[in-house]
Amino acid sequence: MIKEKKDKANEVISSVEDYLIGEFGNFYEQMGGKNLYGRIFGLLLSKTQPVSLKDISARLQVSKPAVSTTAQTGAYMEVFKKVYMSDFPREDFYTVSIDFLQTLIKPGVIKISMLSEKFSKACLMISENYPDYDSNPELKDLYNRVCYIKQALLIFIEEYDKFGEKVKERISKELRIHNIN
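Using the numbering used here, the letters of the sequence shown map in sequence onto residues -12 to 168.
Below is the structure:
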């Protein structure tokens, strides 16, 4: 009876791992990323302990060099975290960074910030090259639209920063409650 329960638990664990590996691989591919990156992410999400490159490679049936390159990229992007395991000093182990949600969202916020700078430049172009832009209805309309969008983007970034800190605090609290490292 105990063996049957353990076998059933292992079967469920394996099914969930397979699901996360496949779905995250597909998700990343649909978002323009690498399928392997998503598959590694899915595997690491399903594990409570760090996983060696050798084990990732075996589980995903992918070459160790491909896994190594992708895992290093994930660590550089702060989605994966390289972990030292004293029992295996010559082997690389990885886990998911606790702040991975922030890391996934951050590039979008950076792009919005860059876009805001473009709108700021457009506002300056109008006001510096035609200081009396208010007297020209077309210029006034263009200036108002461009500056409105710039301001909306800046508000979004400001609110995201506030929201991001609250989310971080809440996630940290939940992780402590559920004893997740």
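No residue lacks a Cβ here, since even glycine has one placed at the ideal position from N, Cα and C.
Neighbourhood of residue i by C-beta distance below 8 Å, restricted to the same chain and skipping five residues each side
i: residue 123; result: 117
i: residue 55; result: 40, 79
i: residue 155; result: 86, 89
Contacts around residue i, its chain only, beta-carbon distance under 7 Å, and the 5 residues preceding and following it disregarded
i: residue -4; result: none
i: residue 99; result: 140, 143, 144
i: residue 87; result: 66
i: residue 51; result: 40, 41, 44
i: residue 22; result: 12, 15, 16
i: residue 59; result: none
Chain-order list of residues whose beta-carbon lies under 6 Å from that of residue i (same chain, five-residue window excluded)
i: residue 0; result: none
i: residue 24; result: 15, 57
i: residue 170; result: Any answer about residue 170 is impossible in this case: the structure gives the chain only from -12 up to 168.
i: residue 29; result: 7, 8, 11
i: residue 164; result: none
i: residue 130; result: 113, 120
i: residue 47; result: 26
i: residue 72; result: 80
Contact belief for residue i with residue j at Cβ below 8 Å, rounded distance in angstroms
i: residue 33; j: residue 65; result: No, residue 33 and residue 65 are not in contact; Cβ-Cβ is about 20 Å, not under 8 Å.
i: residue 120; j: residue 127; result: 6 Å
i: residue 38; j: residue 80; result: 6 Å
i: residue 82; j: residue 68; result: 5 Å
i: residue 147; j: residue 96; result: 6 Å
i: residue 172; j: residue 20; result: As displayed, the chain neither begins before -12 nor continues past 168, which places residue 172 out of reach and without an answer.
i: residue 103; j: residue 137; result: 6 Å
Limits of the unbroken alpha helix (DSSP H) element including residue i
i: residue 130; result: 124 to 164
Simplified DSSP state of residue i, which is helix, strand or coil
i: residue 117; result: coil
Heavy atom of the ligand SAH within 7 Å of residue i beta-carbon
i: residue 34; result: Within the structure as shown, the ligand SAH is missing, as the structure has no ligands at all.
Could you pull out every unbroken beta strand (DSSP E) segment of at least 3 residues lying fully inside the segment -11 to 74, listed in chain order? Complete beta strand (DSSP E) runs here, min 3: 67 to 70.
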